[in-house]
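Chemist: Sharing a structure, written as structure tokens. Questions coming.
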Amino acid sequence: MVKLQELTTEEKFTSGHRLCAGCGAGIIARMTLKSLKKPAVIVNATGCMEVASTIYPYTSWKLPWVHVAFENAAAVASGIEAAYKALARRNAWSKDVDIIAFGGDGGTFDIGIQALSGALERGHDFLYICYDNEAYMNTGIQRSGATPHGASTTTSPAGTKIPGKPEFKKDFIGICVAHGIKYAATASPAYWNDYITKVQRGLSVKGPAVLHVFSPCPLGMRYDSEKSIEMARLAVQTRYWPVYEVEEGKYKLNIKVPNPKPVIEFLKTQGRFRHLFQPQFEKELEIIQQWVDQNWKHIIALCGEI
Amino acid sequence: MVQIMGLTGDEAIAYAAKQSKVDVVAAYPITPQTIIVEAFSEYVHNGEVHTEFVCVESEHSAMSACIGSSLTGARVFTATSSQGLALMHEMLYIASGLRCPIVMGVVNRALSAPINIHGDHSDMMGSRDCGWIQIYCENAQEAYDWVLQAFKIAEDPEVLLPITVNIDGFILSHALERVEVYHDKDVENFLSFRNSTLKLDPDTPFTVGALCFTDYYFETKRQQAEALKIAPKVIDKVNSEFEVLAGKKYSQMDTYGLEDAEAAIICLGSTAGTAKAVAKDLRSQGKKVGVIKPWVYRPFPCDQLLEATKNLKALAVLDRAYSPGAPYSALCSDVVSTLYQNGKQLNVFNIVYGLGGRDITPMDLHAIFNETLEVAETKAVKEPLKFVGVRE
């Protein structure tokens, strides 16, 4: 575990960006860059982090940063890694550079999953960080493959018949682990030490590594912006967001939650679940609790905690 | 000094890319381009090149990886066809917008549906406005020569634009031809490694791919337009430098028989070869016909076209792609626009031919020449656009 005093005081992700107050993406970007031990290059998929941090002629990034499109951050990272290798072979490059790709849940779970799968299979040496705010927040809150069951978005609205999103969240880490990569982990910005340790771990392994981070979004999840870290902590304490890592296929639970709060505690603070508290949809709350329980059981079984 | 090799069009392109010392190839197989990626894979697996080959999972990722590599300062090559080019479409605009001097072999093939693997120009014409320099070749030799020149043109600091080198699917990609190749050392003297000053380097950090709103987007596009305007000057320069290596001079437009021709055909790619053979035959009978073949299609060589057509009385424009609903197909639109813009009166008609790889025979071209001669004489175009070689 890293110590606070070991972290750099330098801000490589500077203030002045146009992310919303309380946005998890900004917190995650800043913490990531504070974790760096080596020079790094950043690839950013189209999304909130990208549009709000690099409005020309301004940039928040004090390191090489590239954005190409929405669905291809992993492919662009592949190309950068390939270029460094080839240039080194003809003695035109000698620096050891970390490559980090950021994508939101839309750019990762959905439209970018093919490019990510290809890059993981080919074994490029880079760290992919999915900041998951559980919907297409940048385009105005549409459902994604990462949106949880029951959440109201503009394409899964809280209707009178269908109360929010009927489907459940994808097992993203399971998909990544199935590629046989050396390191994959979940994290929450409420646990900065765990997160920074994981960024460093992911960068230290040879080959691809993936982090899946809960990214609180005051706008899309609909809660007060000062409560973001609280929300990120509640997600973990209700067992909604299990924090674990998978190293060489071996699962480890990083944050134990012996006395979980009911998931309702997490749901009731967010406008996106408000409709579920109407009497006719109350069974949905039970369904979500069941999903949380099953998912937790599944993860801790993999972690050998049962 | 040259060496004679038997190469297919695809192999000629791969061999040129090898001699160009490309740093990264990111590519995905598709018929009829596949020979290129196969040939290059062999160079890599036999240790003949320093190139990093990224065997991507789609053409979309191929072009994405190429963009990443190019921005890192690498010399980058890829190749595709048809559906693959269509899948890349989004990335093509980003490659030119981010000023990545990527060179891509495009082995022209019809677009689905119905699915078809044979040669026509629908694929490239569908991405015509992607901001790339576009070159069309008549044979394997030209493909080899133009790939070598393409890197030098693309990477010129005044240009910094990607280039496609087009060959006709199967007709050129799979036909074995006699190709004169230059010695590695001579190629090296013509084209050294890429040395990019602006690249993703932590010592000189910069942001690339930023969001440009209404206040800056237009200027970046205007700069691209300027680069395309400057490109012909650089192409001329590279053609001259290439002449030292190859002993032959390319230009933006190839012509045949134009010194006295009254009627001519203008077309892209391999069809020009057949047209020249037919024209030769007709010229031996005293008929004043000629052939115009733009090597460079984008930027369109307007001045060269005006020069080539100045003594013509009729011109048949052959398009191996159809622009549905348009008055003319792509090449003819460019020809007519150029003539009109310069107040030039010329009887022009458009022929759409060869879709899905349908052969265009010497007999077809013979008839087209005769029709063009008739138009030259009567000064009357019966049909502004017609299809040749199709069952009606």
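Note that the protein sequences, when read in sequence, are chains H and S. Residues in the first sequence are numbered from 254 upward in steps of one, following our numbering. Residues in the second sequence are numbered from 671 upward in steps of one, following our numbering. Beta carbons: idealized from backbone N, C-alpha and C, even for Gly.
Decide if H/Glu-518 is buried, meaning its Cβ has at least 16 other Cβ atoms within 10 Å, or exposed.
Modeler: Counting Cβ neighbours within 10 Å, H/Glu-518 comes out exposed, since fewer than 16 surround it.
Chemist: Taking the Cβ atom as the reference point for each residue, do S/Val-692 and S/Arg-745 lie within a distance shorter than 8 Å?
Modeler: Against a cut-off of 8 Å, the Cβ pair of S/Arg-745 and S/Val-692 comes out as a contact.
Chemist: By the 10 Å Cβ neighbour count, where 16 or more other Cβ atoms means buried, how is H/Asn-391 classified, buried or exposed?
Modeler: The residue in question, H/Asn-391, is buried, as its Cβ has 16 or more Cβ neighbours within 10 Å.
Chemist: Any contact between the stretch 1003-1011 of chain S and the stretch 974-986 of chain S? By contact I mean 3 or more CB pairs, one from each, below 8 Å.
Modeler: yes
Chemist: With a cut-off of 8 Å, does the C-beta of H/Gly-371 fall near any C-beta of chain S?
Modeler: yes
Chemist: Which chain H residues sit within Cβ distance under 7 Å of S/Pro-771?
Modeler: The premise fails here: S/Pro-771 is roughly 13 Å from chain H at the closest Cβ pair, so nothing lies under 7 Å.
Chemist: Any heavy atom of the ligand FMN closer than 7 Å to the CB of S/Asp-973?
Modeler: Summarising the ligand content, the structure contains no ligands, and the ligand FMN is consequently not present.
Chemist: Using a Cβ-Cβ cutoff of 8 Å, what residues of the stretch 1027-1042 of chain S are near chain H? List them in chain order.
Modeler: none
Chemist: Please work out which residues of its chain come closer than 6 Å, Cβ to Cβ, to H/Arg-525, disregarding the five sequence neighbours upstream and downstream, and give them in chain order.
Modeler: Ala-404, Ser-405, Met-474, Arg-475
Chemist: Which one of H/Ala-305, H/Gly-433, H/Val-329, H/Gly-412 has the shortest CA to CA distance from H/Phe-534?
Modeler: H/Gly-412
Chemist: Taking 6 Å as the limit between beta carbons, can you name the residues of its chain near H/Pro-317, skipping five residues before and five after?
Modeler: Its chain contains Val-294 as the residues whose beta carbon lies nearer than 6 Å to that of H/Pro-317, once the 5 sequence neighbours on both sides are disregarded; these appear in chain order.
Chemist: Looking at the C-beta of H/Val-304, does it have a partner C-beta in chain S at a distance below 8 Å?
Modeler: yes
Chemist: For the stretch 434-443 of chain H and the stretch 497-506 of chain H, state whether three or more C-beta atom pairs, one from each stretch, are separated by less than 8 Å.
Modeler: Verdict: yes, contact present.
Chemist: With distances taken from CA atoms, which of H/Ala-488, H/Lys-338, H/Ala-328, H/Lys-290 is nearest S/Glu-722?
Modeler: H/Lys-338
Chemist: Beta-carbon of H/Arg-454 versus every beta-carbon of chain S: anything under 8 Å?
Modeler: no
Chemist: Taking 7 Å as the limit between beta carbons, can you name the residues of its chain near S/Ile-1030, skipping five residues before and five after?
Modeler: Thr-941, Thr-944, Tyr-1023, Gly-1024, Gly-1059
Chemist: How should H/Tyr-381 be labelled, buried or exposed, when 16 other C-beta atoms within 10 angstroms of its C-beta is the threshold for buried?
Modeler: Buried, since its Cβ has 16 or more Cβ neighbours within 10 Å.
Chemist: According to DSSP, is H/Cys-276 part of a helix, a strand, or is it coil?
Modeler: Residue state, collapsed to three classes: coil.
Chemist: Looking at the secondary structure, which residues open and close the beta strand (DSSP E) in which H/Val-296 lies?
Modeler: 293-297
Chemist: Would the beta-carbon of H/Lys-435 fall within 8 Å of that of H/Val-466?
Modeler: No; because the gap between Cβ atoms is not below 8 Å, this pair is not in contact.
Chemist: Given this structure, state the Cα-to-Cα distance separating S/Asp-906 from S/Lys-957, to the nearest angstrom.
Modeler: The C-alpha of S/Lys-957 is placed about 32 Å away from the C-alpha of S/Asp-906.
Chemist: Using CA atoms only, rank isn't needed, just tell me which of H/Arg-343, H/Thr-262, H/Ser-347 is closest to S/Asp-873.
Modeler: Out of H/Arg-343, H/Thr-262, H/Ser-347, H/Ser-347 has the C-alpha closest to the C-alpha of S/Asp-873.
Chemist: Taking C-beta pairs closer than 9 Å, name the residues in chain S that H/Ser-331 reaches, listed in chain order.
Modeler: Ala-696, Val-724, Val-726, Ser-731, Ser-734, Ala-735, Gly-738, Ser-739
Chemist: Using the beta-carbon of each residue, which ones in chain S are nearer than 8 Å to H/Val-592?
Modeler: Since the first residue shown for chain H is 254 and the last is 559, residue 592 of chain H is missing from the structure and cannot be characterised.
Chemist: Compute the beta-carbon to beta-carbon distance between S/Phe-912 and S/Gln-804, rounded to the nearest angstrom, for a pair I have assumed lies under 8 Å.
Modeler: The Cβ separation is near 18 Å, so there is no contact.
Chemist: Give a yes or no on contact between the stretch 929-938 of chain S and the stretch 853-864 of chain S, applying the rule of three or more CB pairs nearer than 8 Å.
Modeler: no
Chemist: Leaving out the 5 sequence neighbours to the left and right, which residues in its chain are closer than 8 Å to H/Gly-557 when beta-carbon positions are compared?
Modeler: Tyr-504
Chemist: For H/His-402, I'd like the list of residues in its chain whose CB is within less than 8 Å of its CB, leaving aside the five on either flank, ordered along the chain.
Modeler: Cβ within range, chain order: Gly-417, Lys-418, Pro-419, Glu-420, Phe-421, Lys-422, Glu-537, Ile-540, Ile-541, Trp-544.
Chemist: Using CA atoms only, rank isn't needed, just tell me which of H/Arg-343, H/Val-463, H/Phe-355, H/Ser-370 is closest to H/Leu-286.
Modeler: H/Phe-355
Chemist: Residues bridged to H/Arg-356 by DSSP?
Modeler: Correcting the residue type first, residue 356 of chain H is Gly in the shown sequence and not Arg. According to DSSP, H/Gly-356 bridges with H/Cys-383.
Chemist: Could you have a look at H/Lys-509 and say whether DSSP puts it in helix, strand or coil?
Modeler: coil
Chemist: For S/Glu-722, report the span of its beta strand (DSSP E) as first-last.
Modeler: 722-725
Chemist: Please classify S/Gly-754: does DSSP put it in a helix, a strand, or coil?
Modeler: Secondary structure at S/Gly-754: helix, using DSSP grouped into helix, strand and coil.
Chemist: Please list the residues of the stretch 796-812 of chain S that have a C-beta atom closer than 9 Å to any C-beta atom in chain H, keeping them in chain order.
Modeler: none
Chemist: Would you report the Cα separation of S/Gly-738 and S/Lys-983, rounded to the nearest angstrom?
Modeler: 50 Å
Chemist: Determine, using beta carbons only, whether H/Val-350 comes closer than 8 Å to chain S.
Modeler: Interface flag for H/Val-350 against chain S is set, since a Cβ pair is found closer than 8 Å.
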